[in-house]
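Residue numbers (the numbering used here), protein chains in the order written: chain A, 78 to 414; chain B, 78 to 414.
Yeah, the Cβ is synthetic: ideal placement off N, Cα and C, and Gly gets one too.
Read the structure below first, then the notes.
Number of protein chains: 2
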Amino acid sequence: MAIRKGSTLILETAPGVISYGAVGSKKESEGPLAEGFDQLFPDSTLGEETWEKAECRLQKEAVRIALEKGKIKSEEIHCLFAGDLLNQCTSSIYGLREVGAPFVGLFGACSTMAESLTMAALFLEGGFGEKTAAVTSSHFCTAERQFRFPLEYGGQRTPTSQWTVTGSGAVILGKGSSGPYVRGVTIWRMRDMGITDANNMGAAMAPAAADTLERFFTDTGMQPEQFDLIATGDLGKVGSDLLLEVLEKDGWSLAGRHNDCGLMIYDREKQQVEAGGSGCGCSASVLCAHILPALQRGELKEVLFVATGALMSTTAVQQGESIPGIAHLVWLTAGAG
Amino acid sequence: MAIRKGSTLILETAPGVISYGAVGSKKESEGPLAEGFDQLFPDSTLGEETWEKAECRLQKEAVRIALEKGKIKSEEIHCLFAGDLLNQCTSSIYGLREVGAPFVGLFGACSTMAESLTMAALFLEGGFGEKTAAVTSSHFCTAERQFRFPLEYGGQRTPTSQWTVTGSGAVILGKGSSGPYVRGVTIWRMRDMGITDANNMGAAMAPAAADTLERFFTDTGMQPEQFDLIATGDLGKVGSDLLLEVLEKDGWSLAGRHNDCGLMIYDREKQQVEAGGSGCGCSASVLCAHILPALQRGELKEVLFVATGALMSTTAVQQGESIPGIAHLVWLTAGAG
Numbered sequence: 078m079a080i081r082k083g084s085t086l087i088l089e090t091a092p093g094v095i096s097y098g099a100v101g102s103k104k105e106s107e108g109p110l111a112e113g114f115d116q117l118f119p120d121s122t123l124g125e126e127t128w129e130k131a132e133c134r135l136q137k138e139a140v141r142i143a144l145e146k147g148k149i150k151s152e153e154i155h156c157l158f159a160g161d162l163l164n165q166c167t168s169s170i171y172g173l174r175e176v177g178a179p180f181v182g183l184f185g186a187c188s189t190m191a192e193s194l195t196m197a198a199l200f201l202e203g204g205f206g207e208k209t210a211a212v213t214s215s216h217f218c219t220a221e222r223q224f225r226f227p228l229e230y231g232g233q234r235t236p237t238s239q240w241t242v243t244g245s246g247a248v249i250l251g252k253g254s255s256g257p258y259v260r261g262v263t264i265w266r267m268r269d270m271g272i273t274d275a276n277n278m279g280a281a282m283a284p285a286a287a288d289t290l291e292r293f294f295t296d297t298g299m300q301p302e303q304f305d306l307i308a309t310g311d312l313g314k315v316g317s318d319l320l321l322e323v324l325e326k327d328g329w330s331l332a333g334r335h336n337d338c339g340l341m342i343y344d345r346e347k348q349q350v351e352a353g354g355s356g357c358g359c360s361a362s363v364l365c366a367h368i369l370p371a372l373q374r375g376e377l378k379e380v381l382f383v384a385t386g387a388l389m390s391t392t393a394v395q396q397g398e399s400i401p402g403i404a405h406l407v408w409l410t411a412g413a414g
Numbered sequence: 078m079a080i081r082k083g084s085t086l087i088l089e090t091a092p093g094v095i096s097y098g099a100v101g102s103k104k105e106s107e108g109p110l111a112e113g114f115d116q117l118f119p120d121s122t123l124g125e126e127t128w129e130k131a132e133c134r135l136q137k138e139a140v141r142i143a144l145e146k147g148k149i150k151s152e153e154i155h156c157l158f159a160g161d162l163l164n165q166c167t168s169s170i171y172g173l174r175e176v177g178a179p180f181v182g183l184f185g186a187c188s189t190m191a192e193s194l195t196m197a198a199l200f201l202e203g204g205f206g207e208k209t210a211a212v213t214s215s216h217f218c219t220a221e222r223q224f225r226f227p228l229e230y231g232g233q234r235t236p237t238s239q240w241t242v243t244g245s246g247a248v249i250l251g252k253g254s255s256g257p258y259v260r261g262v263t264i265w266r267m268r269d270m271g272i273t274d275a276n277n278m279g280a281a282m283a284p285a286a287a288d289t290l291e292r293f294f295t296d297t298g299m300q301p302e303q304f305d306l307i308a309t310g311d312l313g314k315v316g317s318d319l320l321l322e323v324l325e326k327d328g329w330s331l332a333g334r335h336n337d338c339g340l341m342i343y344d345r346e347k348q349q350v351e352a353g354g355s356g357c358g359c360s361a362s363v364l365c366a367h368i369l370p371a372l373q374r375g376e377l378k379e380v381l382f383v384a385t386g387a388l389m390s391t392t393a394v395q396q397g398e399s400i401p402g403i404a405h406l407v408w409l410t411a412g413a414g
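Right under this line is the structure:
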């Protein structure tokens, strides 16, 4: 039975990770985390006819790899939680249609990996099933044409803009895991600080990340120093600076503990990604290509994974609305604690 | 602790409904369920500047009414599950931004009311909180322009087309309820039978509804006769006929038990809605304006609420894809059983 502390749930059964898969494309293969990916496609079409079909394929492959690595049949998945950035969660719907597992579609923009992992962990903690899966993806070309400009337009990128990761991460949770484990979750609220610039997602999300982290520390009485890594994703450079500034002002220092998935996946100096990486696939693939493997190897012991979402709709922004942010937190631990 | 039977979960604590709100607009006020609505706006703008803002308002009002009727403060909601048809769930995000409750965004197209109610019930059954809420909405004008044609185009409607309900339903679940109760849920898989016509949603969803109902009856060993009402939503006339045909072929008869939210909300003879009502707001408002009140009054005792979703994306359909359907089932009962 989970213990509720404020808005944070401490999971007594500590649902464990059985397996996971990370897939990416060319740009991800040139970044510092390339080695951790299970599959890296040489170009972002993945041999498909459209960018959207390519993104569907990313989710399909991530799930296939996670199932294979865990020697799990798709029939064993008691609930599959997935979502993505595309209108009507196209990548999850069409990418996972053939998996045949009970399906719960989610929308949390770039917070989806934390959202899906949270729901997958709670489903197990509640005793509702034996194995669950959490999946999400993003694709640079589908995101650009949906949220900003068609690539053919050749628009200039602003210094605050982030590069949407072409990648996917899938995690399978269940019994019989030897870790890492999900020890706690904080599902938290939307925050809107009035940002209206679709090229400055980091600023829209930073207040939500700060809000969620403060919630977790206050709820649990724990301190940032108790964690080896506090990984937000994907605030990029602009959002990360803002996050640290906001927290500092409120008396919290993440000094030496914080990193952002959007800063980890690319080399900003060499890869021309402006403020860093973004997209649901950013935190998802950094989780599966870097954080979970490091927890498994014991290089990391206690991690806070805080995926952040800019809940942006082009229709709403065109109608003068600002962009609400949201962040959900998953506390991961190497041992069963 | 929930009992798992196949893919169906029987909820031992039977999370109860504390309160609910149903809001609609002009067309709904002219339909046979008008009396059950808490609020009916005289026109579909709701006094807002855009259709999208009007739809946001629908969710906001439904939640406000449910909170007021239950004498509940929004801070008491431990998790709010919501989603809708609009790109990036615009109506839920902007409509519920100010509620300030921990927020889990969902995407299940028109199955969202069953999906959100399921997640809200499981959250309580798992012991994760004391009160949860489930919300969704739709709006005729936002749906038409997003999925089909701008209204100004004046396109002719086909006989298989359905009229998207301009309405919303919100349900608050929690302890201290005197019913109705959620006794069971079946979260189930996507089904795609190759339908590509965006004006024939009923046919895209009927196989999923049949699949989910057969799953539930097989899992539990229960029979259709044990239920006073088996409410699908929103298959309309075309989808309902298909559902009964598919089930009949497989040896299940819903004779005299079945009705569809899309057939209940409008008078098809008088209201020119072709095959019936549709949209997330259809099953949501029929649930909150008719089914829950009837359970509370004891006129209904055992109900299966099976909201169905056509997981359609215009991008995918333009790229030649068919439309997958999905249906989730919620077993509602008047007494605590």
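Spatial distance of residue i from residue j (CA atoms)
i, j, result
"R268 (chain A)", "R260 (chain A)", "25 Å"
"W265 (chain B)", "G333 (chain A)", "44 Å"
"E291 (chain B)", "L324 (chain B)", "8 Å"
"G244 (chain B)", "P227 (chain A)", "34 Å"
"G356 (chain A)", "L331 (chain B)", "45 Å"
"V272 (chain A)", "S215 (chain A)", "Here residue 272 (chain A) turns out to be Ile, not Val, going by the sequence shown. Their Cα atoms are separated by approximately 22 Å."
"T127 (chain B)", "S188 (chain A)", "28 Å"
"E207 (chain A)", "Q395 (chain A)", "44 Å"
"W408 (chain B)", "F200 (chain B)", "16 Å"
"A99 (chain B)", "E112 (chain B)", "11 Å"
"K252 (chain B)", "G172 (chain A)", "39 Å"
"K148 (chain A)", "V176 (chain B)", "43 Å"
"K82 (chain A)", "F294 (chain A)", "10 Å"
"M341 (chain A)", "G354 (chain A)", "8 Å"
Below-8 Å beta-carbon distance, residue i vs any chain A residue
i, result
"P119 (chain B)", "no"
"Y171 (chain B)", "yes"
"M282 (chain B)", "no"
"G160 (chain B)", "yes"
"V383 (chain B)", "no"
"C359 (chain B)", "no"
"L86 (chain B)", "yes"
"K130 (chain B)", "yes"
"C156 (chain B)", "yes"
"L312 (chain B)", "no"
"L321 (chain B)", "no"
"L199 (chain B)", "yes"
Any chain B beta carbon closer than 8 Å to residue i
i, result
"L164 (chain A)", "Note on residue identity: the sequence assigns Asn, not Leu, to residue 164 (chain A). So yes, N164 (chain A) belongs to the interface."
"G253 (chain A)", "no"
"K82 (chain A)", "no"
"T297 (chain A)", "no"
"G339 (chain A)", "no"
"V422 (chain A)", "With chain A covering only 78 through 414, there is no way to say anything about residue 422 (chain A)."
"R345 (chain A)", "no"
"F304 (chain A)", "no"
"F184 (chain A)", "yes"
"A308 (chain A)", "no"
"T90 (chain A)", "no"
"T127 (chain A)", "yes"
"R174 (chain A)", "yes"
#### Entry: Runs of alpha helix (DSSP H) wholly within the stretch 185-224 of chain B (minimum 4 residues, chain order)
Assignment of alpha helix (DSSP H) within the stretch 185-224 of chain B, counting only whole runs of 4 or more residues, yields 189-202 and 217-224 in chain order.
### Message
Does the stretch 269-282 of chain A come into contact with the stretch 313-330 of chain A, if we say contact requires no fewer than three beta-carbon pairs (one atom in each stretch) closer than 8 Å?
### Response
yes
### Query
Going along the chain, which unbroken runs of the beta strand (DSSP E) with 3 or more residues stay wholly within the stretch 126-154 of chain A?
none
### Runs of beta strand (DSSP E) lying entirely within the stretch 304-353 of chain B, each at least 3 residues, in chain order
Entirely contained in the stretch 304-353 of chain B, the beta strand (DSSP E) runs reaching 3 residues are, in chain order, 306-310 and 335-337.
### Message
Short of 8 Å Cβ to Cβ, which residues in the stretch 361-393 of chain A face chain B?
### Response
Those residues of the stretch 361-393 of chain A that come within reach of chain B (Cβ to Cβ, closer than 8 Å) are L388, M389, S390, T391, T392 and A393.
### Task
Would you list, in sequence order, the uninterrupted alpha helix (DSSP H) runs of no fewer than 4 residues that lie entirely inside the stretch 363-399 of chain B?
369-373 and 391-395
### Query
Do the stretch 132-142 of chain B and the stretch 162-173 of chain B touch if we need at least three Cβ pairs shorter than 8 Å?
yes
### Query
Taking one C-beta from the stretch 182-199 of chain B and one from the stretch 156-163 of chain B each time, how about it: are there three or more such pairs within less than 8 Å?
Cβ pair count under 8 Å is three or more, so yes.
### Query
Between the stretch 239-272 of chain B and chain A, which residues of the former have a C-beta closer than 7 Å to a C-beta of the latter?
I264, W265, R266, M267 and D269
### Message
I'd like to know if the stretch 401-412 of chain A and the stretch 221-240 of chain B are in contact, where contact means that at least 3 CB-CB pairs between them fall below 8 Å.
### Response
Taking a contact to require three or more Cβ pairs closer than 8 Å, the stretch 401-412 of chain A and the stretch 221-240 of chain B do not qualify as touching.
#### Entry: chain A contacts made by the stretch 396-409 of chain B, where a contact means CB separation under 8 Å
Q396, E398, P401 and I403
### Message
Tell me whether the stretch 87-98 of chain B and the stretch 358-369 of chain A touch, counting them as touching only if at least three CB pairs, one residue from each stretch, are closer than 8 Å.
### Response
The stretch 87-98 of chain B is not in contact with the stretch 358-369 of chain A.
### Message
Quick check for students: name the residue ranges of the beta strand (DSSP E) that lie wholly in the stretch 217-263 of chain A, counting only runs of 3 or more.
### Response
The stretch 217-263 of chain A contains these whole beta strand (DSSP E) runs: 244-251 and 258-263.
### Query
If we count Cβ pairs, one from each stretch, closer than 8 Å, do we get three or more for the stretch 101-118 of chain A versus the stretch 373-385 of chain A?
no
### Query
Can you list, in chain order, the stretches of the alpha helix (DSSP H) that have 4 or more residues and sit fully within the stretch 159-186 of chain A?
167-173
### Query
Taking only runs of the alpha helix (DSSP H) that begin and end inside the stretch 266-302 of chain A, which ones reach a length of at least 4 residues, in chain order?
278-297
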